[in-house]
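Asks: My numbering runs 830 ahead of the 1-based position in the sequence shown.
Note that beta-carbon positions come from the ideal geometry of N, C-alpha and C, so glycine has one too.
Just so you know, these numbers come straight off a predicted model, no measurement behind them.
Here's a structure for you.
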Amino acid sequence: MNIHQASCSCGQLTLRAGGEPVRVSICHCRDCQRRSGSAFAVQARFPAGNVTVEGQSTPYVRAGDKGRIARFFFCPACGTTVFFRLDADPDHVAVALGTLDDPARLPPRSPCSASGSITGSGSRPISSSTTEQLLQRLGQ
Ligand SMILES: [Zn+2]
Ligand SMILES: [Zn+2]
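Right, here's the structure in full:
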């Protein structure tokens, strides 16, 4: 089985995910922009049973306007969010793609619309053509 390794900036929080992700997606809602500090966030969802986490993490709980709860786990020492979970989808763990040792192995395939954003908050997205350009670049 393929093992994907992820870690925070300082290396104290690590994660191992086995097998292949069920989905690799981009979200560019305002909440994800703030969390990541980037124009968009990319994440790979793995079956929760395939994921093991080592080290200390601090949860940050965020609710979308539809009441959907997302729990983001970040390293208390360096602040990197390594993974997150959605209460509505307890069977999966989403790993922030940039924390993987080899993110290029998992190019995103699923741009998310505003209504499909992580917490369903429907906040202002960048235009979909921008997302397509990003996907094309990332997919190379
Ligand atoms: Zn860290
Ligand atoms: Zn988002």
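Would you decide whether P851 is buried or exposed? Buried here means 16 or more other CB atoms lie within 10 Å of its CB.
Replies: So P851 ends up on the buried side.
Asks: Who are the near neighbours of C840 in its chain, counting only those whose CB is closer than 7 Å to its CB and skipping five residues on each side?
Replies: Excluding sequence neighbours, C840 sits near C905, A907 and C908.
Asks: Can you check whether the CB of A878 is closer than 8 Å to the CB of P920?
Replies: For P920 and A878, yes; Cβs fall inside 8 Å.
Asks: Find out if the Cβ-Cβ distance for the pair L936, V883 is shorter than 8 Å.
Replies: The answer is no: Cβ separation not under 8 Å.
Asks: How far does the alpha helix (DSSP H) with S837 in it reach, from first residue to last?
Replies: It is not in any alpha helix (DSSP H) - S837 instead sits in the beta strand (DSSP E) that spans I833 to S837.
Asks: Looking at the secondary structure, which residues open and close the alpha helix (DSSP H) in which S855 lies?
Replies: Careful: S855 lies outside any alpha helix (DSSP H), inside the beta strand (DSSP E) at R853 to C857.
Asks: Around the C-beta of S943, are 16 or more other C-beta atoms found within 10 angstroms, so that it is buried, or is it exposed?
Replies: Because S943 sits at a pLDDT of 48, beneath the cut-off of 50, its placement in the model cannot be relied upon, and the following sentence gives the value as read from the coordinates. So S943 counts as exposed.
Asks: Please indicate yes or no: does the CB of A907 lie closer than 7 Å to some heavy atom of ligand 1?
Replies: Answer for A907: yes, Cβ within range of ligand 1.
Asks: Can you tell me where the beta strand (DSSP E) holding D917 begins and where it ends?
Replies: No beta strand (DSSP E) holds D917; DSSP gives it neither H nor E.
Asks: Using a 10 Å radius around the Cβ and a threshold of 16 neighbouring Cβ atoms, would you call C838 buried or exposed?
Replies: The residue is buried, with at least 16 neighbouring Cβ atoms inside 10 Å.
Asks: Out of S866, T910 and R865, which one is the CA nearest neighbour of G885?
Replies: With distances taken between Cα atoms, G885 lies closest to T910.
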